[in-house]
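Take a look at the structure below.
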Amino acid sequence: MIALPALVLLPATGGAIAWLSDRGPEARHRPWWVAITTIVLQTLLLFYVTCAADWGHGPWLAHFSAPWVPALGIAARMDMDGLSLVMLWLTTILSFPCVILSARDVGERPGLFHLLLLATIAGIDGVFLATDLFLFFFFWELMLVPMYVLILQWGHEDRRRAAIKFFLFTQGGGLLMLVAILGLVILHQHATGIVTFDYFALADTPLMPTAAMVLMLGFFAAFAVKLPVVPLHVWLPDTHTQAPTAGSVLLAGILLKTGGYGLIRFVVLLFPDAASRFTPVALAMGAAGILYGAWLSLAQDDIKRLIAYSSVSHLGFVLLGVFSGSPMGMRGAVVQMVAHGLSTGALFIIAGSLQDRLHTRDMRRMGGLWQALPHLSSVGLFFAIASLGLPGMGNFVGEFLVLLATWRISPPIAALGAAGLVLSAVYSLTMVGRAFFGPPHAGEGADHAPPADFGARHMAVLGLTMALLLVLGTYPQPVLNLSLPATPLAMPEMEAPQP
Amino acid sequence: MTAPLSGLPPSLPILGGGIALLMLSIAWRRSEARAIVIALATLLLAFASLWSPVLAWPGDPVGILFVPDGWFAYIAGLILLSSAACVIMAWREAGTPADEFYLLLLLGTLGALVMAGSADMVIFFLGLETLSLSLLGLIAYHRNQPTADEAAIKYLILAGLSSAILLFGLALSYAESGSLRFVAPSLAGPDGPALPLAATALVLTGLFFKLSAVPFHTWLPDVMEGAPVPVASFIAVTSKIALFAALARYFAGADLLRPDAAGMELAIVAVLSMFGGNLLALGQTNLKRLLAGSSIAHVGYLLLALLSPGPFGLASAAFYLAAYAAATSGAFAAMRGASGLSDIAGWRGMFRRRPALALAMAVMLISLAGIPPAIGFFAKTYIVIAGVSARRVVLLVALVASSIIGLYYYLNVVRAMMEPVPEDHRAVRGTQANTVLITALAIVTLLAGLFPEMLVRQTRALLQPVPVLSAASLPPTAPHDILYKE
Chain A
1 MIALPALVLL PATGGAIAWL SDRGPEARHR PWWVAITTIV LQTLLLFYVT CAADWGHGPW
61 LAHFSAPWVP ALGIAARMDM DGLSLVMLWL TTILSFPCVI LSARDVGERP GLFHLLLLAT
121 IAGIDGVFLA TDLFLFFFFW ELMLVPMYVL ILQWGHEDRR RAAIKFFLFT QGGGLLMLVA
181 ILGLVILHQH ATGIVTFDYF ALADTPLMPT AAMVLMLGFF AAFAVKLPVV PLHVWLPDTH
241 TQAPTAGSVL LAGILLKTGG YGLIRFVVLL FPDAASRFTP VALAMGAAGI LYGAWLSLAQ
301 DDIKRLIAYS SVSHLGFVLL GVFSGSPMGM RGAVVQMVAH GLSTGALFII AGSLQDRLHT
361 RDMRRMGGLW QALPHLSSVG LFFAIASLGL PGMGNFVGEF LVLLATWRIS PPIAALGAAG
421 LVLSAVYSLT MVGRAFFGPP HAGEGADHAP PADFGARHMA VLGLTMALLL VLGTYPQPVL
481 NLSLPATPLA MPEMEAPQP
Chain B
1001 MTAPLSGLPP SLPILGGGIA LLMLSIAWRR SEARAIVIAL ATLLLAFASL WSPVLAWPGD
1061 PVGILFVPDG WFAYIAGLIL LSSAACVIMA WREAGTPADE FYLLLLLGTL GALVMAGSAD
1121 MVIFFLGLET LSLSLLGLIA YHRNQPTADE AAIKYLILAG LSSAILLFGL ALSYAESGSL
1181 RFVAPSLAGP DGPALPLAAT ALVLTGLFFK LSAVPFHTWL PDVMEGAPVP VASFIAVTSK
1241 IALFAALARY FAGADLLRPD AAGMELAIVA VLSMFGGNLL ALGQTNLKRL LAGSSIAHVG
1301 YLLLALLSPG PFGLASAAFY LAAYAAATSG AFAAMRGASG LSDIAGWRGM FRRRPALALA
1361 MAVMLISLAG IPPAIGFFAK TYIVIAGVSA RRVVLLVALV ASSIIGLYYY LNVVRAMMEP
1421 VPEDHRAVRG TQANTVLITA LAIVTLLAGL FPEMLVRQTR ALLQPVPVLS AASLPPTAPH
1481 DILYKE
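Right, here's the structure in full:
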């Protein structure tokens, strides 16, 4: 289906047009209009893809394949299954708040800003679709650079360090994955005599247990940096804190999910045996992440930092779910990813708006905002509660399924994960209490006009997000049905893989 | 007299004719415009002649002194194009009088071509010295600047020293084998391994000096900093390509996977160059010195490809050379486009002052760092494929670790260009010809990165075992074709 590469090319083209349209001061709003048109078109295209998909003929829904570098067995091959579709929808939905609400903090050079934003989205869409390992890696690297520039140019006070840290960590993990990809290709070549980067062909490679383990660890390293898994999370708090609001939303909402997606698609499905042997370590890392992230969240004064650490904690559940080895856990992990993307994305929007209004992220200098900003505060309360996992919201479904699946294989880990939920209630409510309730901060308000509350634009976007979270929490079945990944052995119905 | 010249690639006499013509033209009347036209026309004509048949007399054995094989044609193409880039950069930069600058560039190119195509030690040495001597003149061309003098003296001493070492190694090699063929002597000779080992070690030392691999690299940053921009580009690109091609030829028959002394030495130097080059570039505030460090590191990556024989090894090296040549020439051309501005601090705010120039520079740096969609990404991947395929684990780990260091300093320059415009900035300007050159190189860097297929096919055609030098000592060639089932 030609629409699959179009999903990648459309944002890229739109970005280029937005960039070119930025000429002179009278054209300040033109890039924004181009960007919004692009994502509306993207939504329509995705809607078309969803409708035109090949439902009912196996788990793979759509295919595209074209030769790229046949001399090395590299093809521009994309395949879409339910998991990809869910992730694509999440990306598209979250690109709306990024574009709509970012108008405030763009400042100068809006064309470049929208180019970078849309280029990142294009790279992410490519990651979710590519089934040629070289193409996958190409997109994987491609989404880094625009994000790096975005943080560097529009970030907050300590942006240089944060941007370079982000880049070096992800790139380091990525290079390890590259070596692992090539190792797999070469082993496949030794076994069959064919050089190919095709996902489906490579999944058939007969591997010695040690080799499988080493290769799996290479993939795991890249995705673990992205997700993040605890010893490799060091880049995340700085990056999220320093990124501009749209950057934080993209990072927390979607970019981190490429890690979870990769774990499912490549680690578990390409190396099932090695992954199951690795399970105890992965579960321990997941539980450690949940507790460590929650514990550090408790100690933060910087509101964006708090949300960043809470991401570490919530995404620990994704690791638990992916490695629980059961369909239930896998589904829970996907729901958790979607719900986390929506709720944390919204929380970063709120934190960014607070910073816009109060010029600080320090919760010690907030307080009593409910009187001044009732809309913002109530929305903040909603998403804080969603993020702590109140029943009825998506996060609860995800965490519950993951804990249930984990309990079956390791009750102690499940108990630790559940303890993390208690901590998450504590830090979420503390955050709400410190920022929105309590006495107004002494220094504020007295000599300044009260800051403006959320306007209709913010309320509409965030209201939509709330509705989605509630739907996901009360009727998660469609997502659950879609979210089980298709195995690479269920070969999509099409001609033989490219040589 | 016919036999020794049999197999002489036509590009060499063309270059020689061009040089003579340029000399005559200078003797008649000086004109920079005429000099550059003659130089460019000569280079392009030589480039076109790469597709023509080789001069070979019927019945004579081909390849006594020159090997006009696919490897030579490919390398010669890169040398001629990168040298043409240097010529364009030199326009209105060469100084007065400018004509001899182009003459020296052509002479150096001739030396590089001879070196890349030689099958004989004497021919190789002649080519090397032609290149070295013309480089000396080029480095010292702005002779009233003290830095140029310093760089030239440094280059002179080290080039002389390394030539002497190289020559001694070649002599020992001749003593061992009684043959002047430019190829690593077999260690299984009748007199034990000591003599061939010493010969190989000395030749390698000489080559590493010229190639500026760590630990023989210390001259490079100083010389490049002192040299004019086109010359720095010539040192970093043209001469390195020729030397690497000669190195590959020297080891054509040897089995580099065997952990013998020569293989070990190459591997150690590769690791040292990767780390040494990248660490050297890390702290630089001068763009030329940074690119010097980066070029040392890239030599390390290329050695990894050389050390990974097999279906991918040499092909990936050839691809990498093209990617490196495009991006490094492009970076120097961008520097030339900014009035030769080499202080990184001076590049601050370039994205606002000269957006197109800054974008081109960013593309080149991204390519050197190996980030998609630039060609450097595919090139690095190709080398890693070769390394994985030959199971060079230690070298691969070194490549990954040192590449991460490399990212930092390349991105650092990009970051500086994105900063706000400083108060005290100078206006920068280049020439129109140079702008065309930058644009072309940026387009090549991006397009070849997105569609590498053509170049991959081109480099795969080189897979026929490099030079046919000593048919007796060559191992049977691997049946490459069955590895690529279409």
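First to last, the sequence lines map onto chains A and B.
Under the working numbering, the first residue of the first sequence is numbered 1, with each subsequent residue one higher.
Under the working numbering, the first residue of the second sequence is numbered 1001, with each subsequent residue one higher.
Don't be surprised by glycine CBs; every beta carbon is placed ideally from N, CA and C.
Under 8 Å between the Cβ atoms of residue i and residue j?
i	j	result
Met-80(A)	Leu-94(A)	no
Leu-342(A)	Val-229(A)	no
Gly-394(A)	Gly-473(A)	yes
Tyr-1301(B)	Met-1264(B)	no
Ile-350(A)	Pro-97(A)	no
Phe-1377(B)	Ile-1371(B)	yes
Leu-1455(B)	Tyr-1074(B)	no
Leu-298(A)	Val-402(A)	no
Leu-1307(B)	Ala-1248(B)	no
Gly-293(A)	Gly-316(A)	yes
Leu-1180(B)	Asp-1120(B)	yes
Val-267(A)	Phe-223(A)	yes
Gly-172(A)	Ala-163(A)	no
Val-1386(B)	Ser-1316(B)	A small correction: the amino acid at residue 1386(B) is Ala; Val does not occupy that position in the sequence shown. Yes, Cβ-Cβ distance for Ala-1386(B) and Ser-1316(B) is below 8 Å.
Ile-125(A)	Arg-77(A)	The sequence as given places Asp at residue 125(A); Ile does not occur at that position. No. Outside cutoff.
Gly-325(A)	Ile-409(A)	yes
Could you tell me which chain A residues have their CB closer than 9 Å to the CB of residue i, listed as they occur along the chain?
i	result
Glu-1453(B)	Pro-67, Trp-68, Val-69, Pro-70, Ala-71, Leu-72 and Ile-74
Arg-1392(B)	Here the premise fails: no neighbours, minimum Cβ distance about 11 Å.
Tyr-1408(B)	Ile-164, Phe-167 and Leu-168
Ile-1385(B)	Leu-72, Leu-182, Val-185, Ile-186 and Val-195
Output, in chain order, the set of chain A residues within a Cβ distance shorter than 8 Å of residue i.
i	result
Ile-1404(B)	Leu-168, Gln-171, Gly-172 and Leu-175
Leu-1180(B)	By Cβ distance, chain A contributes nothing, its closest Cβ being about 37 Å from Leu-1180(B), past 8 Å.
Pro-1373(B)	Phe-138 and Leu-142
Phe-1377(B)	Phe-138 and Glu-141
Thr-1285(B)	Going along chain A, no residue has its Cβ under 8 Å from Thr-1285(B), so there is no contact; the nearest lies around 16 Å.
Leu-1396(B)	Val-179
Arg-1354(B)	Within 8 Å Cβ-Cβ: nothing; Arg-1354(B) doesn't reach chain A, min ~15 Å.
Taking all protein chains shown into account, decide if residue i is buried (16 or more other Cβ within 10 angstroms of its Cβ) or exposed.
i	result
Met-1364(B)	buried
Gln-1432(B)	exposed
Cys-1086(B)	buried
Ile-1157(B)	exposed
Asp-1424(B)	exposed
Gln-498(A)	Confidence at Gln-498(A) is low in this model, with a pLDDT of 40, below 50, so its placement is unreliable and the value that follows should be read with caution. So Gln-498(A) ends up on the buried side.
Trp-1028(B)	exposed
Leu-489(A)	exposed
Trp-33(A)	exposed
Using a Cβ-Cβ cut-off of 7 Å (strictly less than) and excluding sequence neighbours within five positions of residue i, which residues of its own chain qualify?
i	result
Pro-1097(B)	Arg-1030
Phe-436(A)	Leu-369, Trp-370, Ser-377, Gly-380 and Leu-381
Val-1114(B)	Leu-1012, Ile-1123, Leu-1126, Gly-1127 and Thr-1130
Tell me which residue opens and which closes the alpha helix (DSSP H) that residue i is part of.
i	result
Ser-1025(B)	1011–1028
Ala-275(A)	272–298
Ala-1116(B)	1099–1117
Ala-76(A)	Not the alpha helix (DSSP H): Ala-76(A) falls in the beta strand (DSSP E), residues 74–81.
Ala-212(A)	209–226
Go through its chain and collect everything with a Cβ distance to residue i's Cβ below 6 Å, but skip five positions before and after it.
i	result
Phe-113(A)	Val-106
Leu-215(A)	Ala-180, Gly-183 and Leu-184
Arg-1289(B)	Pro-1221 and Glu-1225
Met-1(A)	Ala-62 and Phe-64
Which chain B residues are close to residue i, counting only those with a beta carbon under 8 Å from its beta carbon?
i	result
Gly-183(A)	Val-1388
Could you tell me whether any non-hydrogen atom of the ligand PLP is closer than 7 Å to the CB of residue i?
i	result
Leu-1462(B)	Among the ligands in the structure shown, none appear at all, so the ligand PLP cannot be discussed.
Along the chain, where does the beta strand (DSSP E) that runs through residue i open and close?
i	result
Arg-305(A)	Note, Arg-305(A): premise wrong, no beta strand (DSSP E); alpha helix (DSSP H) at 303–323.
His-63(A)	60–69
Counting only the same chain and skipping the five closest in sequence on each side, list residues whose C-beta sits under 8 Å from that of residue i.
i	result
Pro-327(A)	Leu-484
Residues of chain A with CB under 7 Å from residue i, in chain order?
i	result
Arg-1457(B)	Ala-71
Leu-1021(B)	The contacting residues do not exist; Leu-1021(B) stays about 41 Å from chain A at best.
Glu-1238(B)	Here the sequence assigns Thr to residue 1238(B), which means Glu is not the residue at that position. The contacting residues do not exist; Thr-1238(B) stays about 27 Å from chain A at best.
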